[in-house]
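Here's the structure, in structure tokens; my notes come after.
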Amino acid sequence: MRYLRKLYDWVLYWAETPYGAAVLFILAFAESSFFPIPPDALLIALVLGSQKKAFKFALICTVGSISGAVLGYLIGHYLWWTPNNEFSSLATFFFSNFPGFTQEIFFRVQELYNQYNFWIVFTAGFTPLPYKVFTVSAGAFNVNFP
Numbered sequence: 441m442r443y444l445r446k447l448y449d450w451v452l453y454w455a456e457t458p459y460g461a462a463v464l465f466i467l468a469f470a471e472s473s474f475f476p477i478p479p480d481a482l483l484i485a486l487v488l489g490s491q492k493k494a495f496k497f498a499l500i501c502t503v504g505s506i507s508g509a510v511l512g513y514l515i516g517h518y519l520w521w522t523p524n525n526e527f528s529s530l531a532t533f534f535f536s537n538f539p540g541f542t543q544e545i546f547f548r549v550q551e552l553y554n555q556y557n558f559w560i561v562f563t564a565g566f567t568p569l570p571y572k573v574f575t576v577s578a579g580a581f582n583v584n585f586p
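Here the sequence shown stands for residues 441 to 586, where the numbers follow our numbering.
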């Protein structure tokens with residue numbers, strides 16, 4: 441319970457400073473690529489503190505989230521593939537040390553990603569699963585990035 445109180449105090453602190461919007465961007469960026477804490481609480485606090493700026497805060501959060509998703513894609517791509525388009529040492533480690541996770545299964549899932557890439561990434565935003573899982577895996581599966 442103490443953790444929630446600290447988080448609550450932290451959100452209120454930043455919501456009351458002039459840097460609240462910048463922190464919202466950073467939090468949204470980090471959350472969509474690697475950080476596990478969502479920006480929703482800070483967004484709500486900022487909007488409640490200044491309802492006239494609600495759309496501005498929503499836009500800041502959206503741009504931060506999209507930018508972070510791009511970083512997540514790049515993380516997935518560059519941690520999984522070498523510049524020669526071969527599997528990286530991390531990918532090889534996964535294939536060697538995780539039973540049932542083979543290159544054949546990887547390519548099968550990659551085929552599904554290529555077939556349904558828009559729908560996978562789009563619907564991922566509406567599931568309780570962390571969105572970063574889908575953006576990082578989209579990079580690992582070399583999904584076309586427009």
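Glycine is no exception: its CB is placed at the ideal position from the N, C-alpha and C atoms.
Helix, strand or coil, according to DSSP, for residue 495 in the structure here? For the purposes of this step, residue 495 is taken as residue 55 along the sequence shown, with counting starting at 1. If DSSP states are grouped into helix, strand and coil, residue 495 belongs with the helices.
CA nearest to the CA of residue 485, picked from 514, 454, 507, 518: Residue mapping note: residue 485 aligns to position 45 of the sequence shown, counting from 1. Minimum Cα distance to residue 485 is reached at 454.
Secondary structure, alpha helix (DSSP H): runs of 4+ residues fully inside the segment 516 to 586: 529 to 537, 543 to 564, 571 to 580
Counting only the same chain and skipping the five closest in sequence on each side, list residues whose C-beta sits under 6 Å from that of residue 550. As a first step, residue 550 must be located in the sequence shown, where it is residue number 110. If we look at residue 550 and ignore the five residues flanking it on each side, its Cβ neighbours are 581.
Output yes or no for whether 8 Å exceeds the beta carbon distance between residue 504 and residue 469. Numbered from 1 along the sequence shown, position 64 holds the residue referred to as residue 504. Numbered from 1 along the sequence shown, position 29 holds the residue referred to as residue 469. Yes, Cβ-Cβ distance for residue 504 and residue 469 is below 8 Å.
Going along the chain, which residues of its own chain have a beta-carbon closer than 6 Å to the beta-carbon of residue 501, five neighbours each way excluded? Numbered from its first residue, the sequence shown carries residue 501 at position 61. So the list reads 464, 468, 479, 483, once near-sequence residues are dropped.
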